[in-house]
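Structure, as structure tokens:
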Amino acid sequence: MLVKSRYLKIVSCNGNNVLYHSLYGNPVKVDDNVMELIGNFSISRSPEFLEKYIKLDNNAFYALQELISLGFIVLERRCDERNKWLNLVQNRYKKAGLFSSGLVLVITTECNFSCDYCIAKTAFSNIESMSFSTAKRAIDTYIEYIKLYKFDLNEKIAITFTGGEPLLEFNLIRHVCTYTTKKYNYLNFKFRLITNASLIDDNIAKYFSDNDFEIVVSLDDDTSGNVSRKYSDGTLAYDFIFSCLDILVKNNCSNISISSVYNKFNYKLNGNFYKKLSSFGISNATLNIDNLSLLPTSPIKLAKYFLALRSIAKENGIDLTGQWATPATNLRSKSTIWALCSGAAHSRLYVLPDGSIPFCEYHPKYMGHLDNFDKLCDEILASVNRHLVGCWAECEGCEIEGFCSPCPLEKEIIHNNNYQHQQEKCEFIKICTRILLLED
């Protein structure tokens with residue numbers, strides 16, 4: 114007996130139809146004939162019914178074969194789709210190992226800014242900077258780990274510097290890069306910096322250009338005066354950051370992207386921001402939200418707003434992405450649970466200034482320390498198997514369950530179950546996914 118999969122999802126609008134499997138992906142656009150065929154399998158169908166139906170339409174046989182191969186129609190009682198999916202994801206982790214996307218060094222918790230919405234202010238209780246010895250130990254620990262898991266050593270190994278404001282420790286960044294490339298000169302590295310860019314000068318920019326750094330500049334729109342992004346003394350920073358961007362460009366730093374946060378302080382975004390960015394040759398930007406429940410808008414309005422901004426950015430040569438766009442991308446690439454949150458997926462190893470290892474750089478709970486790294490890996494792998502892979506009750510049955518990994522700041526999956534489930538944010542991401550699947 115054949116029946117429609119309970120994980121089959123249908124998105125329809127203005128005569129356009131997209132089918133996909135919420136665990137396996139495989140989005141396809143279909144016509145009304147296929148929609149009619151799918152409708153016949155809302156209840157179990159016997160071989161006799163299939164034979165009769167197919168005789169009426171020769172094309173139905175080929176369409177049915179395709180629907181079965183995509184997992185949209187399944188054998189009733191013989192196909193445990195969810196268990197098959199859980200095994201698939203767990204096997205991916207076992208094959209790839211954890212922390213496959215790189216090392217993130219939070220080299221200082223100090224910052225020269227005091228932004229109103231900054232999550233780091235609540236995540237870091239103490240102001241401290243990483244010592245060179247701790248940074249070396251983090252590098253050595255990570256390299257030994259990826260050797261153990263036999264990562265492809267021909268691939269570039271990503272090392273990210275963040276904070277606080279990492280440029281307050283620029284000399285440490287230089288020392289760490291020199292140490293890494295000299296000691297491990299048989300490996301290839303990709304260095305990355307997440308910064309507010311306010312401390313950039315010609316010497317710093319030239320260093321980043323010479324060492325092919327990827328630079329992610331945290332910068333928001335100015336339509337509300339950018340009053341939330343400011344120095345510690347209250348001075349607004351927006352215009353000055355653009356002058357620092359200009360220094361980066363003039364020193365041939367070609368790999369620059371922009372990271373923005375949409376929050377209650379700057380919710381009147383418009384497209385002029387992306388037009389201005391394009392004049393600096395910037396082609397990549399991310400836009401994410403703070404706490405949607407604090408914003409004066411609904412999930413549906415915000416989704417349409419973000420997608421309109423995406424179109425404006427695209428017109429100006431900028432690829433605008435974010436958490437809201439990731440599930441649609443994952444659906445097409447069959448990238449189960451990897452790309453939305455590196456903390457939830459444990460795809461990056463985060464190390465704080467004192468050597469502590471947190472869930473991510475902004476999560477206030479620690480999972481261990483460099484001193485007990487071997488034990489930490491076992492604990493993390495166990496937590497992935499128990500909590501991450503299909504074990505969040507709120508996510509089971511969601512239309513994008515297999516392609517959306519919720520942020521651990523909204524659900525602490527290792528330490529306890531006390532959390533606030535941001536239902537509005539979930540709905541916002543689901544709406545964006547539906548629209549993107551129909552548009553692209």
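Taking our numbering, the leading residue of the sequence shown gets 114, the next gets one more, and so forth.
Glycine is no exception: its CB is placed at the ideal position from the N, C-alpha and C atoms.
Cβ distance (whole Å) where residue i is taken to contact residue j below 8 Å
| i | j | result |
| --- | --- | --- |
| L422 | G384 | 6 Å |
| E241 | P466 | 5 Å |
| T273 | V217 | 4 Å |
| T221 | G277 | 4 Å |
| E540 | P412 | 4 Å |
| L280 | T308 | 6 Å |
Proximity test, Cβ basis, 9 Å: residue i and chain D
| i | result |
| --- | --- |
| K343 | In summary, chain D is missing from the structure at hand, where a single protein chain is found. |
Beta-bridge partners of residue i, as assigned by DSSP
| i | result |
| --- | --- |
| H288 | Beta-bridge pairing links H288 to no other residue. |
| V141 | L132 |
| V330 | T308, I371 |
| Y344 | F226 |
| R461 | G215 |
| P471 | Y479 |
| V124 | V131 |
| I220 | Bridge partners of I220: none, in fact. |
| N401 | V374 |
| S242 | T221 |
| L188 | L115 |
Closest Cα partner of residue i within the set the options
| i | options | result |
| --- | --- | --- |
| L415 | I371, S182, I548 | I548 |
| R305 | D265, G138, S373, V219 | V219 |
| L400 | S373, P412, S392 | S373 |
| K211 | S370, F472, K122 | Here the sequence assigns Leu to residue 211, which means Lys is not the residue at that position. For the residues S370, F472, K122, the minimum Cα distance to L211 belongs to F472. |
| Y160 | L177, N146, N172 | It is Pro, not Tyr, that sits at residue 160 in the sequence shown. Closest option to P160, Cα to Cα, is L177. |
| C545 | R445, Q436, L489 | Q436 |
| E463 | T247, Q536, P412, K165 | The question names Glu, but residue 463 is Tyr in the sequence shown. Checked all of T247, Q536, P412, K165; the closest Cα to Y463 is T247. |
| D352 | L332, L132, S391 | L332 |
| F419 | I542, A173, I151 | I542 |
| K122 | G128, I151, K197 | I151 |
| D265 | I286, T275, Y299 | Y299 |
| I328 | A173, T410, T275 | T275 |
| E537 | N146, T410, Y320, S446 | T410 |
Own chain partners of residue i with C-beta closer than 6 Å, once the 5 adjacent residues on each side are dropped
| i | result |
| --- | --- |
| A426 | Y387, L433 |
| C228 | S341, R342 |
| F393 | L358, V362 |
| E514 | S135, C508 |
| F326 | F304, L306 |
| T254 | L483, F486 |
| I252 | T293 |
| F516 | P440, N443, L444 |
| N368 | E327 |
Cβ shell of residue i (< 8 Å), same chain only, five flanking positions each side left out
| i | result |
| --- | --- |
| N267 | N301 |
| N85 | Shown here, the chain extends from 114 to 553; a query on residue 85 therefore has no answer. |
| Y344 | N225, F226, S227, S311, A350 |
| L115 | F154, S157, R158, L163, I181, I186, V187, L188, E189 |
| N324 | C290, F304 |
| S214 | A271, S455, S460, R461 |
| L550 | V124, V131, Y133, P140, A441, L444 |
| D144 | N130 |
| G468 | T247, R250, A251, H482, L483, D484 |
Per-residue DSSP class, three states only, for residue i
| i | result |
| --- | --- |
| L211 | coil |
| F162 | helix |
| I259 | helix |
| K543 | helix |
| T275 | strand |
| L453 | Low local confidence applies: a pLDDT of 46 at L453 is under 50, so the model's placement there is unreliable, and no value is given. |
| S392 | coil |
| S118 | coil |
| L352 | A quick correction: the sequence has Asp, not Leu, at residue 352. It is helical. |
| H500 | At H500 the pLDDT is 47, less than 50, meaning the model places this residue with poor confidence; the figure from the coordinates comes in the next sentence. Looking at H500 - three-state DSSP - the assignment turns out to be helix. |
| I513 | coil |
| D432 | strand |
| I313 | coil |
| K269 | coil |
| F283 | helix |
| F302 | strand |
| G384 | coil |
| K538 | helix |
| I156 | coil |
| C357 | helix |
| D487 | helix |
Close beta carbons around residue i, own chain, < 7 Å, minus the five adjacent residues each side
| i | result |
| --- | --- |
| S125 | none |
| H288 | F245 |
| N148 | This sequence places Met at residue 148; Asn is not what is there. The answer, listed in chain order, is N130. |
| S396 | G430, I431, D432 |
| Y98 | The shown model of the chain, from 114 to 553, leaves out residue 98, and the question about it has no answer. |
| I371 | V330, L332, L390, I395, A398 |
| L489 | I470, M480, G481 |
| D315 | I360, N364 |
| F283 | I317 |
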